[in-house]
Each structure stands twice: as structure tokens, then as C-alpha cells.
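From first to last, the protein sequence lines stand for chains V and Z.
First residue of the first sequence? That's 0 in numbering that gives the first Met the number 0, and the numbers climb one at a time after it.
First residue of the second sequence? That's 0 in numbering that gives the first Met the number 0, and the numbers climb one at a time after it.
For glycine and all other residues, C-beta sits at the position ideal for the given N, C-alpha and C.
Please read these numbers as outputs of a predicted model, since none were measured by experiment.
Shown next, in C-alpha cells, is the structure this report addresses.
Protein chains: 2
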Amino acid sequence: MPVSTVSSLNPPRRLLFGPGPSQVAPQVYEAMGKSIVGHLDPFFFEVVEDIRRDLRTVFGTKNPFIHVISGTGSAGMETALSNFVEPGQKLAVLVSGYFSERIAEMGHRHGASVVRLDKPWGQNFSEAEVAAFLDKEKPHAVAFVHAETSTGVLQDPSAVTRPAKAVGAITIMDCVTSLGAIPINLDAHGVDVAFSCTQKGLSCPPGLSPVTVSPAAVEILRARKTACPIWYMDLKLLLEYYDGAHRYHHTAPISAFYALHQGLALVNEEGLEARFARHVKAAAEFVRRIEAANLKMFVPAGSRITHLNTVCVPEGADELKARKRLIAEHGIEIAGGFGPLAGKIFRIGLMGPLATEDNAALLVDALISCLHN
Amino acid sequence: MPVSTVSSLNPPRRLLFGPGPSQVAPQVYEAMGKSIVGHLDPFFFEVVEDIRRDLRTVFGTKNPFIHVISGTGSAGMETALSNFVEPGQKLAVLVSGYFSERIAEMGHRHGASVVRLDKPWGQNFSEAEVAAFLDKEKPHAVAFVHAETSTGVLQDPSAVTRPAKAVGAITIMDCVTSLGAIPINLDAHGVDVAFSCTQKGLSCPPGLSPVTVSPAAVEILRARKTACPIWYMDLKLLLEYYDGAHRYHHTAPISAFYALHQGLALVNEEGLEARFARHVKAAAEFVRRIEAANLKMFVPAGSRITHLNTVCVPEGADELKARKRLIAEHGIEIAGGFGPLAGKIFRIGLMGPLATEDNAALLVDALISCLHN
Numbered sequence: 000m001p002v003s004t005v006s007s008l009n010p011p012r013r014l015l016f017g018p019g020p021s022q023v024a025p026q027v028y029e030a031m032g033k034s035i036v037g038h039l040d041p042f043f044f045e046v047v048e049d050i051r052r053d054l055r056t057v058f059g060t061k062n063p064f065i066h067v068i069s070g071t072g073s074a075g076m077e078t079a080l081s082n083f084v085e086p087g088q089k090l091a092v093l094v095s096g097y098f099s100e101r102i103a104e105m106g107h108r109h110g111a112s113v114v115r116l117d118k119p120w121g122q123n124f125s126e127a128e129v130a131a132f133l134d135k136e137k138p139h140a141v142a143f144v145h146a147e148t149s150t151g152v153l154q155d156p157s158a159v160t161r162p163a164k165a166v167g168a169i170t171i172m173d174c175v176t177s178l179g180a181i182p183i184n185l186d187a188h189g190v191d192v193a194f195s196c197t198q199k200g201l202s203c204p205p206g207l208s209p210v211t212v213s214p215a216a217v218e219i220l221r222a223r224k225t226a227c228p229i230w231y232m233d234l235k236l237l238l239e240y241y242d243g244a245h246r247y248h249h250t251a252p253i254s255a256f257y258a259l260h261q262g263l264a265l266v267n268e269e270g271l272e273a274r275f276a277r278h279v280k281a282a283a284e285f286v287r288r289i290e291a292a293n294l295k296m297f298v299p300a301g302s303r304i305t306h307l308n309t310v311c312v313p314e315g316a317d318e319l320k321a322r323k324r325l326i327a328e329h330g331i332e333i334a335g336g337f338g339p340l341a342g343k344i345f346r347i348g349l350m351g352p353l354a355t356e357d358n359a360a361l362l363v364d365a366l367i368s369c370l371h372n
Numbered sequence: 000m001p002v003s004t005v006s007s008l009n010p011p012r013r014l015l016f017g018p019g020p021s022q023v024a025p026q027v028y029e030a031m032g033k034s035i036v037g038h039l040d041p042f043f044f045e046v047v048e049d050i051r052r053d054l055r056t057v058f059g060t061k062n063p064f065i066h067v068i069s070g071t072g073s074a075g076m077e078t079a080l081s082n083f084v085e086p087g088q089k090l091a092v093l094v095s096g097y098f099s100e101r102i103a104e105m106g107h108r109h110g111a112s113v114v115r116l117d118k119p120w121g122q123n124f125s126e127a128e129v130a131a132f133l134d135k136e137k138p139h140a141v142a143f144v145h146a147e148t149s150t151g152v153l154q155d156p157s158a159v160t161r162p163a164k165a166v167g168a169i170t171i172m173d174c175v176t177s178l179g180a181i182p183i184n185l186d187a188h189g190v191d192v193a194f195s196c197t198q199k200g201l202s203c204p205p206g207l208s209p210v211t212v213s214p215a216a217v218e219i220l221r222a223r224k225t226a227c228p229i230w231y232m233d234l235k236l237l238l239e240y241y242d243g244a245h246r247y248h249h250t251a252p253i254s255a256f257y258a259l260h261q262g263l264a265l266v267n268e269e270g271l272e273a274r275f276a277r278h279v280k281a282a283a284e285f286v287r288r289i290e291a292a293n294l295k296m297f298v299p300a301g302s303r304i305t306h307l308n309t310v311c312v313p314e315g316a317d318e319l320k321a322r323k324r325l326i327a328e329h330g331i332e333i334a335g336g337f338g339p340l341a342g343k344i345f346r347i348g349l350m351g352p353l354a355t356e357d358n359a360a361l362l363v364d365a366l367i368s369c370l371h372n
């Protein structure tokens, strides 16, 4: 093969202050560029075992069943639904944002009988509301979003898991935006099935989706009579590949596993408590500066996701124009709102390497400079 | 965030002479380590457009519909089946290897009425055989594998597409192992739907699956009444993201796209004809040396996949032991057989950077040294 003279990509430098992907540490890029081994190489399974161990820590669980899906967070969502809700079973979904809408949509596609508890986007659900809904519906499973990326709202998991246990429903929790940046504590909350991604709180490139299942839910999986409708996401088959016999399933994206391995090592090195505290401090500084500039946070204090802040677009400002200026003048990416919140909010992440008070200050100054001409 | 002292991964050096993943060029690793941008960043869509253009060349098609699925080759297979075979429709599958078995299995899971034409593993299908089968079955779609990774057998696409057109069936072709190493020529053969991967003939890390659809099959997709059962792989939704409006679907694995972009640039630089010729020369040298050593090729000349060679395990040799010695003593990965071919064949790739006559010699020498104690 001739020596190449073809020039490589030259991506623009961006500061990723959006809801994800978040900024990636240089060490993670370095790990991702290491030589791959085969998907059945013993070294690969050593990497997998390290990842599984470290994921247990960030998820706050002792679940033996913790694996990584070869797709992004949405693939994790579809894995949870397609493995744990069979056609005709009743799936209850707590809907107050874009990603809980997506769960309901996937449930429909997999033939579930979907029942919804709807609240306006930007609100969360009290235990009493969930209990009344589940008592009435008696679903097989209830799904909810821990940290709703579209609104910036945090949901207390126990407000769902307690009433769910009372009616014997399994719980499916979307941890896409929460994992690695705020405490999750699956075991303490009694969550049955949880999924996440790599490109937000863990600050790795997108491409993988960690999924974990409680021992009780593993029994339900094993007792399942029909095959999972999606071969690629069939957790029983994936278990035979990643665990025990290492029976070939698909060719795992080795480089993305290297990146996740390194990202988790950085989390370990800092320590979870220190990492969470750093995110809290950065968020506090962000909110202080936003409010000092007479801007308004969309979500009331107490319901906010620490590292995913939503700010109301002020009267007279053009949301899209401001974001375009941020990219053009500062190389800063933030996001706007979806659906009913389109044009009304900015969605701003302070995650991973960017979650510092200095960066909060830099970002607010840049945002304000781009809000008005 | 504190400066890290955590040490990075140190993967063993491997020469990837298996059926995939294949050896990755340093330039591709370098591209993959570049800073990511957001999944809605205009720069990302420039990268996507370059990839789409270059994929058309290697697929041999002018199809406007050519996109990349955020999963490995198996995700591409499931995308093709779930979008183009609705529940109850008849899917004909030509089965003579592990991956055609997988197509049939996925077809079952998606509710297709699956009819099979079975031949022993290691054989391919003549036009007369396919015509007789399709005339009898009159299926909605017929699926087959171009280069069957489990056996080393190449299937002539026209032997399927001609009889399929005669009965009005759409054709689904698995190009997982063929893309980038041998000619495909989708348009000349009249293939409707094709999918592949990045980690074989294109010599990029695993993680993405290119999929292309003929204009006629796009009309079928648009006319589809039910939603694709898999939200993550719904080509209509993916089209809205990658084409035109760039409506958010999922967070694309940016780094994997960078790698594919660079891998395709290397293919372009070498030129397709030169690349194919290099693979042919390497394979000829490999076969010459194998036969000179009194080893036997599993597939008859004329039906072989140029770059994926299957060699019969000689009497008295231990297939697994030989492969373990190759890894331990030479850092060389090759693969064994699946199912009925377990223990009976070696599967040996000469792809991408490793497809040279020198490497063929190196490999055969190492293999022979590890066959006998």
C-alpha cells in the first residue's frame, strides 16, 4: 500500500457547551487512537470488564448485568423497551419533554399498549401523581427520564420507583444526561432497567450506550417467551458475547470502548464526589451570573439538572441568531429548545472538562455579548 | 478539572489477518482522534456529504439515497430488513452460511414470512436455482450475501437480481465483507438495498454501517404504511436528519465518521482499480503459497472472495491451538470456522493495508510454523 499524502480532516475548534456531545478530554482522544484488537481478543474483554466495573460505580449499582450497547443513547432506550416490554403489555410513560415522548413513540412501535401521564414540558412528577396514575393503570412497566435534556428538569427517581413497586411494575429509567455528572444511585432507588450514553456526563465521543438491569428484571428477561424483536439489541444474545462464553454476536466498536475506558478512568481518578461537587459549583456560578445579568432560568431552583441549564430567551432577542453568533465569534456551541420550547430557551451544558466556574463565567459573558446587536 | 496522571490503555500490537476488523491505517487513527464537533454542526454535515459521495464510488452506484447507520454491519442488516420487509410480507433468503442464516433470523423477528433456499455452507447459487425458487415463491423481497464471511464464498449478484426482477421482488444485498476490497457495481447489477460495514474492506474501526437504496426502493419506503418497527434504524427519520432539514434524530458518533472520511480518502487516493488489483495480487500469492505447502483452499477457484480466504485445517492439526500460537508467537489474529465449519477451516483476511504479497508470505510462513508442534 503506497504511503499516503492525503490530508487529514481539520475540524473547527469548538467549545461544546451544548446538552451533548460534551467536550472530550485529550486523554480520551489519545486512547481512541490506539491500535484496535479483534472483537474476540482477550485484551478486548479485559477492557470490557474494567468498563463494567467502573460503570457500576457511576450508576450506583451492584447489578451483575451491566453492558454496553453498540449504538448511541437512543439505541440504549430502544434496547430497554424492546427487551422489557413485549407486544400487548402495558407500558406507562411519564411524559413532559422530548425524550419521554420518544420513549412513548418507541413503545408504540414495539407493540406495547402505551398509557401516558402528560404534564407540560418543564415540569416533573410528584410521587402522589405517579401513584394515582399507576394505581389506575396497573402497567407491566413504567418508563421515565431522570434528567430531561429537552427541558433541564430533574425527576426524583423514588417518586416513580416507590409507587411502581407498589403495583408490581418494573421501572425503566433514562439516564442519558445524568450518568457521570450527578448521583444516580440505581440500587438505592430500586430501578430495574437503566440506560445512558457516553457523550454527556462521561465526556467521551458518542457511539455507545451503557445498559444495566437489576437481578429481578434479569429473571423477567430470562423468562421471556418471544425473542427480542431487534436482533442487534437482544440482551440475551449480547450477554453470551460479553459474558462467559464470548460467543460472537457482532463486531464491537473497539475504539469507542477504548475511549469509554479512558473516560471512566478519569472519572475514577477525580473521584465521584469531587466530580459531582465540581459540577455543582460550576452550575451555581452559572446561575448566579445569569441572574445577575437579569436573565431568567427556565426551571425553578430545586428541579434543575445541575449540568444542563435552560435559560429563557429574553424578550426581543433572536435565539437562533444568538447561537449562530456564539459559534461564529466564540466557537461556542449551545442548543435551543425543541417543540413547544423552540425559540424560547437556550440549553447550556456545563459538563466534564468544561464544568468549572471559569468556564461558566466565559460562557455567560459570551452569551450576553451575542444576545443583542 | 485537575490535570490527569492516569495512564492510558496499552493494547497489544496485533496484525489483523482475520475476517475483520482489519488493520487500520495510522492516518485513520489520527483522523479519529481529532476534536469532535456537535451532531448538528455544519462541519459535521460537510464530512457526511464527502462520505456519501465517496461511498457511491465504492458501492458502484448513483443512488441519491446513501447513508450511514450508527451501528456495526449487523445494524445495517437489521436496518435493511426492518425498513423493507413489513410483517406478513414474504422474504426469500438464500442460505449457505452464517450470515445468510442471520438474515433469515432477523426476518423472522420482524414478522416476515421467511422462505429459504438452503445449500450446504460453502456453496453459492446459480441463476437457474434462484429463478426456480423465486418463480415458485413470488416473494416481496429476496436477500442474499455477496461475500459470505463465514465460508469465503462469493455470490454473483446478477444470478439473484435478474430472476428477482422477473418476479418483481426487491433485492437486499449484504456487502459487509465486499465493500472497498472488490468491485460491487450495485447499479449494473440492479440491486435495490445494500448494506455494509467500515471494518473490513474499508479498513476503518468498526462502528458504522453504510446503507444505500435504489430510487425504486425509496418509493416503496415512502409508500410504507406502518412505521419502521425500530425507531433507531428508521430510514425515513434518518433521512430527515442527514438530508435537507437536518432534523435531530440521534447523536451521531462523530469520531467514527471522521475515521470513515479518512478511510475513504485513502481509497480515493489509491484509486479503486489499483486497490482491487492489489488485493487480487496479494490473494494470488497467498493461494500459491498455501498450495505449495500442500494445504488446501476450502472454496474452489472462481468462487472465492479475493480478500477473505478459507483454508482447510489439515488432518492432525488443532485449529484452535494453531490460532492461539499465532497470537502468542506472532501477534497475528486469524479466525476459525462457525457452525458446521467449526474446527475445519481457517478464515484469513488480506485486506486494506495488509493486502500485499509480502504480507501474504509473512502470514503463510507464520501459519505453517504454528500448525504442527
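- In summary, the residues of the stretch 238–269 of chain Z whose CB is separated from some CB of chain V by less than 9 Å are Tyr-247, His-248, His-249, Thr-250, Ala-251, Pro-252, Ile-253, Ser-254, Ala-255, Tyr-257, Ala-258, His-260, Gln-261, Ala-264, Leu-265, Asn-267, Glu-268 and Glu-269, in the order they occur in the chain.
- Under the 7 Å criterion on CB atoms, Lys-135/Z is classed as non-interfacial with respect to chain V.
- Counting C-beta pairs closer than 8 Å gives three or more between the stretch 212–226 of chain V and the stretch 78–97 of chain V, which meets the contact rule.
- Lys-137/Z is positioned such that its CB atom lies closer than 7 Å to that of Val-166/Z.
- The residues Thr-305, in chain order, have a CB closer than 8 Å to that of Val-279/V in the same chain once the five nearest residues on each side in sequence are set aside.
- Taken through DSSP and simplified to helix, strand or coil, Glu-147/Z comes out as strand.
- In the structure shown, the three-state DSSP call for Gly-106/V is helix.
- Non-local beta-carbon contacts of Leu-237/V in its own chain, meaning distances under 8 Å to residues more than five positions away in sequence, involve His-66, Ile-68 and His-248 in chain order.
- If one requires a minimum length of 3 residues, the beta strand (DSSP E) runs lying completely within the stretch 164–228 of chain Z are 169–173, 192–194 and 208–212, in chain order.
- Residues of chain V whose Cβ lies closer than 8 Å to the Cβ of Pro-20/Z are, in chain order, Ile-35, Gly-37, His-38, Thr-250 and Ile-253.
- Annotation for Leu-80/V: Leu-90, Ile-102, Met-105, Gly-106, His-109, Ala-111, Ala-142 and Ile-171 place their beta carbon closer than 8 Å to its own, counting only its chain and skipping 5 residues before and after.
- The C-beta of Ser-7/V comes closer than 7 Å to at least one C-beta of chain Z.
- Contact residues of the stretch 43–72 of chain Z toward chain V are Val-46, Ser-69, Gly-70, Thr-71 and Gly-72 (C-beta to C-beta distance below 8 Å).
- Ranked by Cα distance from Val-92/V, the first of Tyr-240/V, Asn-123/V and Asn-62/V is Asn-123/V.
- Straight-line measurement puts the Cα of Val-159/V at about 6 Å from the Cα of Val-129/V.
- Classified as buried, Gly-19/V has 16 or more neighbouring CB atoms from the shown chains inside 10 Å of its CB.
- Residue contact with chain V for Trp-120/Z: absent (no Cβ-Cβ distance below 7 Å to any residue of chain V).
- Counting only runs of 3 or more residues that sit fully inside the stretch 274–337 of chain V, the beta strand (DSSP E) segments are 307–311, in chain order.
- Here the alpha carbons of Leu-153/V and Ala-273/V stand approximately 20 Å from one another.
- Residue contact with chain Z for Met-350/V: absent (no Cβ-Cβ distance below 7 Å to any residue of chain Z).
- By the beta-carbon neighbour count (other beta carbons within 10 angstroms, threshold 16), Gly-315/V is exposed.
- For chain V, the residues of the stretch 218–231 of chain Z that bring a beta carbon within less than 7 Å of one of its beta carbons are Ala-226, Pro-228, Ile-229, Trp-230 and Tyr-231, in chain order.
- For Ala-74/V, the closest Cβ of chain Z is nearer than 7 Å.
- Within the stretch 84–107 of chain V, the residues whose Cβ lies closer than 7 Å to some Cβ of chain Z are Glu-104 and Met-105, listed in chain order.
- Exclusion of the five residues before and after His-139/V leaves Gln-88 and Lys-89 as the residues of its chain whose Cβ lies within less than 6 Å of its Cβ.
- Contact of Gly-17/V with chain Z by beta-carbon distance below 9 Å involves Gly-37 and Leu-39.
- Of the candidates Lys-235/V, Ile-169/V, Phe-285/V and Ser-254/V, Phe-285/V places its Cα closest to the Cα of Ala-300/V.
- Following the DSSP letters along the chain, one finds Asp-49/V inside the alpha helix (DSSP H) bounded by residues 41–58.
- Under the three-state reduction of DSSP output, Asp-117/V falls in the strand class.
- For Gly-19/Z, DSSP assigns no beta-bridge partner whatsoever.
- If you ignore the 5 residues before and after Met-232/V, its C-beta comes within less than 8 Å of the C-beta of Ile-68, Gly-70, Ala-74, Glu-77, Thr-78, Ser-81 and Asn-82, all in its own chain and listed in chain order.
- The beta-carbon of Ala-30/V is placed less than 7 Å from the nearest beta-carbon of chain Z.
- Straight through space, the alpha carbons of His-245/V and Leu-39/V are spaced by roughly 7 Å.
- Contact between Leu-353/Z and Gln-22/Z holds: CB atoms are separated by about 5 Å, below the 8 Å threshold.
- In the structure shown, Val-92/V adopts extended strand secondary structure according to DSSP, grouped into three states.
- Along the stretch 314–337 of chain V, going in chain order, the ones with a CB nearer than 7 Å to a CB of chain Z are Glu-332.
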